[in-house]
Amino acid sequence: MEIIRTADANWKGSLESGHGLVSSHSHVLSEDKYSFGGRTSSGSKETNPEELISASAASCFAMALSKTLRP
């Protein structure tokens, strides 16, 4: 059986003052905000693409390590 994972993202406004919404079809992410400010401001409550990629890589690594340590 083929498993397909998808997500949607949109952006409104300019790079500096705009923001986007990202949602996954599993509904784990549901119109979560991301922005340029999320990249450049330590106090931002919004995520950014780099943070999402880092979380994805870290979770894949944790699952692979778990499989290796507990076959």
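Using the numbering used here, read the sequence shown as starting at 8 and increasing by one per residue.
Positions of the beta carbon are idealized from the N, C-alpha and C atoms, including for glycine.
Hey, how far is the Cα of residue i from the Cα of residue j?
i, j, result
"S24", "A71", "39 Å"
"A69", "W18", "31 Å"
"E5", "A65", "Beyond the ends of the chain as shown, which are 8 and 78, falls residue 5; an answer cannot be given."
"A62", "D39", "15 Å"
Apart from the five residues on each side of it in sequence, which residues of its chain come closer than 8 Å, Cβ to Cβ, to residue i?
i, result
"L22", "F43"
"A14", "V29, S30, S31, H32, L36"
Using DSSP bridges, identify the partner residues of residue i.
i, result
"S30", "D15"
"T54", "Y41"
For residue i, collect the residues of the same chain with a Cβ closer than 6 Å to its Cβ; drop the 5 residues on either side in sequence, then sort them by chain order.
i, result
"S51", "G44, G45"
"S48", "none"
"Y41", "G27, V29, E53, T54, N55"
Which whole-angstrom value describes the C-beta separation of residue i and residue j, a residue pair presumed to lie in contact below a C-beta threshold of 8 Å?
i, j, result
"H34", "E53", "At roughly 19 Å, the Cβ-Cβ gap does not stay under 8 Å, so H34 and E53 are not in contact."
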